[in-house]
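First the structure, in the form of structure tokens, and then the observations on it.
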Amino acid sequence: ARVVDGDRSIRIRLGPSGPDYCIVQTPSGVCCLDPVTGAVRWQRRDIPPDSGLYANEETGLFGDAERLVLVEGDQRTCRILDTRTGEELRTATVPTGDVRRSRLAFGSRLLVIAADDEQSRFRLWDAATDEVIADIPAHHPPRSQRVDRNHAALVDGHGDVIVLDTRSGQSVLRGPIPPEMLTSLTGFKVWHDTQRWFVQTTHAGLHSGTSRTEPVASDVRLPNTPMNGLLSVYDRTRGSLLWNRPIDGRTMLQEPRRALPFLVALSRNREEHSTASAGMNLEVFDVETGLLLAQEKDLPRTEIVHSSFEPLAGEYTLHGEAMHFRIRFDLPGERALITAENMAEFADR
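Going by the numbering used here, the final residue of the sequence shown carries number 612, and the count climbs one at a time with no gaps.
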């Protein structure tokens, strides 16, 4: 972001924030603002311009309501500050080897990739206590991702997908990748709803190029994941596998704050030799079994902007700019029904 000061345009970087604090870094230092009034609560001008968010926009300055961690330009040395006052409490060193490797910040904790004599390791470092609270061998090459504000996902040295609770340092899911598929692993993605974990793994040569459909992520503003691999679904409480199956060429919708009885997939047909805009396909899968409950093809394309869920009425609706798609569930025979309505029809209901 930039702000204008007289005739000057100043680059600013936005750091951690919460209900009662907002950290901002400028070329002249770091300050804490009141997010309601904009008043400056404290300011430090002893910050080198090549440190913090100017050195690394993702993890150069991270923290929570109690501690801030300012990483110096060498990406190893840190200054620990009191978020409330800006007072420097101490210095610390990030427990990692190659500083070029990716890092993920969760509050005042940092997930780093370190290397020992034999293999790389994932280390969850708590800057507030200067302790490593999780130390997990990594599969080569190391792969990790942020799931949400409190969870990270990684592939460990045994070839299992691990979901790590960064608050406790404990694993809350272990999803094995079959050994015969581990050598062809090219990536993975983890997401969740309130009752389940969803793990997608992609593999070289697995169903590559065979799908007649393709994802429609550009038409969806809801959280979503392009699917081109193996989808495994786990019970979030027990950690047990519910089902898995390959799903290619689709966009899977995410509902992290709900527990729908189904998964919704959107796609469009591949039109290799046509310039016409292909219609949209909508599929509904049983979330407990992976079985297809309903499917509609060549629906009118519209940008999906939000969704609504009425469990008592047995309805889930995708709201588009020009159309609405209604999914009725809990029907006899464990079926689902998809209907498309334009704006006028929906308003008359």
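Just so it is clear, CB atoms sit at the ideal spot from N, CA and C, and this is done for glycine as well.
Just so you know, these numbers come straight off a predicted model, no measurement behind them.
Inset, instruction - Take every Cβ of the segment 550-559, pair it with every Cβ of the segment 521-528, and state whether three or more of those distances are shorter than 8 Å. - result: yes
Legend entry - Unbroken alpha helix (DSSP H) run spanning residue 443, endpoints: 442-445
Inset, instruction - Tell whether a beta-carbon distance below 8 Å holds between residue 377 and residue 383. - result: yes
Inset, instruction - Note down the Cα distance separating residue 594 from residue 345, rounded to an integer number of angstroms. - result: 56 Å
Inset, instruction - Check whether the segment 490-510 touches the segment 553-564, taking contact to mean three or more Cβ pairs, one atom from each stretch, closer than 8 Å. - result: yes
Inset, instruction - With a cut-off of 8 Å on the beta carbons, I'd call residue 437 and residue 423 a contact; round off their distance for me. - result: 5 Å
Legend entry - Cβ neighbours of residue 563 in the same chain (closer than 6 Å, five flanking residues each side left out): 586
Inset, instruction - Determine, using beta carbons only, whether residue 343 and residue 357 come nearer to each other than 8 Å. - result: no
Inset, instruction - Quick one: using the 10 Å Cβ neighbour count with 16 as the cut-off for buried, is residue 447 buried or exposed? - result: exposed
Inset, instruction - Report yes if the C-beta distance between residue 541 and residue 599 is below 8 Å; otherwise report no. - result: no
Inset, instruction - Have a look at the DSSP bridge pairing and note the partners of residue 530. - result: 544
Inset, instruction - Using alpha carbons as the reference points, say which of 514, 467, 313 lies closest to residue 479. - result: 514
Inset, instruction - With distances taken Cα to Cα, identify the nearest neighbour of residue 219 among 430, 399, 298. - result: As shown, the chain starts at 264 and ends at 612. That puts residue 219 outside it, with no answer to give.
Inset, instruction - Name, in chain order, the residues that DSSP records as bridge partners for residue 421. - result: Residue 421 pairs with nothing; no bridge assigned.
Legend entry - Cβ distance (whole Å) where residue 617 is taken to contact residue 308 below 8 Å: It is not possible to answer for residue 617, since the shown part of the chain is limited to 264 through 612.
Legend entry - Separation of residue 486 from residue 452, as counted between CA atoms: 13 Å
Inset, instruction - Can you tell me which of the three DSSP states residue 553 falls into? - result: coil
Legend entry - Same chain, Cβ closer than 6 Å to residue 660, neighbours up to 5 away in sequence not counted: As shown, the chain starts at 264 and ends at 612. That puts residue 660 outside it, with no answer to give.
Legend entry - Reference residue 516, options 561, 581, 601, 464, closest by Cα: 581
Inset, instruction - Can you give me the Cβ contacts of residue 314 inside the same chain, cut-off strictly under 6 Å, excluding the 5 residues immediately before and after it? - result: 335, 336
Legend entry - Local conformation of residue 390 per DSSP, three classes: coil
Inset, instruction - Drop a sphere of 10 angstroms on the beta-carbon of residue 312, count the other beta-carbons inside from all chains shown, and report buried for 16 or more, exposed for fewer. - result: exposed
Legend entry - residue 404 versus residue 440 - alpha carbon distance: 15 Å
Inset, instruction - Could you check the C-alpha separation between residue 590 and residue 565 for me, to the nearest Å? - result: 16 Å
Inset, instruction - Assign residue 316 to one of two classes, buried (16 or more other C-beta atoms within 10 Å of its C-beta) or exposed (fewer than that). - result: buried
Inset, instruction - From the DSSP output, in three-state form, read off residue 511 for me. - result: strand
Legend entry - Buried or exposed by the 16-neighbour rule on C-beta atoms within 10 Å, applied to residue 323: buried
Legend entry - Other residues of its chain near residue 538: CB distance less than 7 Å, five sequence neighbours each side excluded: Model confidence at residue 538 stands at a pLDDT of 47, short of 50, so the residue's coordinates are unreliable and nothing is read from them.
Legend entry - C-beta contact flag for residue 429 and residue 415 at 8 Å: yes
Inset, instruction - Taking residue 402 and residue 418 to be in contact with their CB atoms under 8 Å, please state how far apart those CB atoms are, rounded to whole angstroms. - result: 4 Å
Legend entry - Residues of its chain near residue 546, where Cβ-Cβ distance is below 6 Å and the 5 sequence neighbours each way are ignored: 528, 558
Inset, instruction - Please say whether residue 386 and residue 368 have beta carbons closer to each other than 8 Å? - result: no
Inset, instruction - With DSSP as the reference, label residue 337 as helix, strand or coil. - result: coil
Inset, instruction - May I ask you to list the residues that DSSP assigns as paired with residue 448? - result: 466
Legend entry - Proximity of residue 288 and residue 275 at Cβ, strictly below 8 Å: yes
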